[in-house]
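Here the sequence shown stands for residues 0 to 261, where the numbers follow numbering that gives the first Met the number 0.
Scroll down for the structure; my scribbles are underneath it.
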Amino acid sequence: MNKLSYLFLISVFIFTSCKSSSLVKPGDSVEVAFQKGFAKYEEGNYGDAADIFETVTRIGRGSEYAQEAQYYLAESYFNMERYIIAESEYLRFITFYPRDPKREEVDFKKAISVYHQSPRYRLDQTATRRAIDEFQLFNSRYPNSEYVTQSAEKINELREKLSRKYFESAEFYSRTDQFKAATIYYDLVIDRYPESKWAESALLNQIETYNDYASNSILAKQVERYELAISSYEKYIQLFPQSSARGQAESMRDRAEQGIND
0 MNKLSYLFLI
10 SVFIFTSCKS
20 SSLVKPGDSV
30 EVAFQKGFAK
40 YEEGNYGDAA
50 DIFETVTRIG
60 RGSEYAQEAQ
70 YYLAESYFNM
80 ERYIIAESEY
90 LRFITFYPRD
100 PKREEVDFKK
110 AISVYHQSPR
120 YRLDQTATRR
130 AIDEFQLFNS
140 RYPNSEYVTQ
150 SAEKINELRE
160 KLSRKYFESA
170 EFYSRTDQFK
180 AATIYYDLVI
190 DRYPESKWAE
200 SALLNQIETY
210 NDYASNSILA
220 KQVERYELAI
230 SSYEKYIQLF
240 PQSSARGQAE
250 SMRDRAEQGI
260 ND
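In structure tokens form, the structure reads like this:
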């Protein structure tokens with residue numbers, strides 16, 4: 000195939016691939032198509048920009064414009080807050096151009112794209128855990144990056160969300176007198192997220208839950224469960240010695256000791 004035929008096929012493919020002939024004209028080269036896409040991007044018209052960049056990546060692969068088009072395709076979806084597609088396009092960029100100078104930025108924005116897929120705490124948190132993994136991998140790969148501080152902040156935010164989910168689950172089980180399940184979920188908060196703002200309340204509420212668990216148990220199990228309440232109290236005092244709720248914790252301990260002695 001001669002050069003003129005090749006350019007003709009490219010121009011036809013560009014024309015037919017775009018949603019409107021107003022975006023790219025018949026006869027436009029890959030370069031011209033890219034420039035039109037970039038102009039749309041600069042205008043903030045990310046939808047049209049994405050349509051053009053997607054076409055450039057398909058028919059211009061191997062050209063000097065395909066690499067930039069792939070980057071701006073991902074950026075267009077990111078700016079439209081279509082984060083699932085943005086993540087996919089950033090991943091495509093990483094796969095095709097792993098040594099590109101923008102790799103660090105792209106890795107970070109891919110993590111941010113997953114972060115934005117994290118739902119409110121009551122829902123399934125698979126995306127939340129995946130976002131944490133993405134940010135942790137980023138920090139490991141680029142320890143001196145300008146994005147490390149922001150990445151660490153996102154990790155803390157997401158961990159708080161997971162901590163709250165476990166805490167609220169524990170509260171639900173406690174309210175519905177499912178005491179064993181409640182203590183297990185309080186433990187998840189305390190053991191996995193000790194730095195979270197939910198940890199102190201989880202441990203304090205666990206003391207009371209063990210007391211309720213004991214008082215609602217058969218006689219043979221009561222002492223063992225009151226002792227667990229005391230154990231939780233001792234952990235509470237060690238972890239939060241200056242807590243304003245210390246008096247409340249001591250009252251719970253006294254209840255447990257009374258239960259053992261009765």
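Beta carbons are placed, not taken as given, at the ideal position from N, Cα and C, and that holds for glycine.
| Asked | Found |
| --- | --- |
| Three-way DSSP call (helix, strand, coil) for Ile217 in this model | coil |
| Neighbour-count burial assignment, Leu238, 16 or more Cβ in a 10 Å radius | exposed |
| Thr125 burial status per 10 Å Cβ neighbour count (16 or more: buried) | exposed |
| Ser71 vs Phe52 beta-carbon contact at 8 Å | Residue identity differs from the one stated: residue 71 is Tyr in this sequence, not Ser. Yes, Cβ-Cβ distance for Tyr71 and Phe52 is below 8 Å. |
| Three-state secondary structure assigned by DSSP to Lys164 | helix |
| N- and C-terminal bounds of the alpha helix (DSSP H) containing Gly36 | 29–42 |
| Buried or exposed (CB count within 10 angstroms, at least 16 for buried), Arg263 | The chain is shown from 0 up to 261; residue 263 falls before or after that span and cannot be answered. |
| C-alpha gap between Ser75 and Lys153, whole angstroms | 23 Å |
| Residues near Ala93 by beta carbon distance below 8 Å, same chain, minus five either side | Correcting the residue type first, residue 93 is Ile in the shown sequence and not Ala. Cβ within range, chain order: Arg102, Val105, Asp106, Lys109. |
| Under the three-state DSSP convention, the category Glu67 falls into | helix |
| Close-in-space but distant-in-sequence residues of the same chain around Met79 (CB under 7 Å, 5 per side omitted) | Tyr45, Gly46 |
| Rounded separation between Leu202 and Phe166 - CA only | 10 Å |
| Candidates Leu136, Glu256, Ser144, of which the one nearest Val222 by Cα | Glu256 |
| Backbone secondary structure at Lys24 - three-state DSSP | coil |
| Beta-carbon contacts of Gln69 that lie in its chain and below 6 Å, excluding the five residues immediately before and after | Thr56, Phe92 |
| Closest residue to Gly36 among Gly61, Glu67, Arg60, Thr208 (Cα-Cα distance) | Glu67 |
| Residues near Arg245 by beta carbon distance below 6 Å, same chain, minus five either side | none |
| Three-state secondary structure assigned by DSSP to Thr125 | helix |
| Endpoints, alpha helix (DSSP H) assigned at Glu263 | Residue 263 lies beyond the range of the chain shown here (0 to 261); nothing can be said about it. |
| Asn1 (DSSP reduced to helix, strand or coil) | Its pLDDT being 46, under 50, Asn1 is placed unreliably by the model, and nothing is read from it. |
| Which of helix, strand or coil DSSP assigns to Phe12 | Only weak support exists for where Phe12 lies, its pLDDT of 48 falling under 50; the coordinates are left without a value. |
| Residues near Arg158 in its chain [Cβ-Cβ closer than 6 Å; skip 5 each side] | Tyr192 |
| Nearest-angstrom Cβ-Cβ length linking Ser150 and Phe134, presumed shorter than 8 Å | 5 Å |
| Pairwise C-alpha distance: Leu90 and Lys24 | 30 Å |
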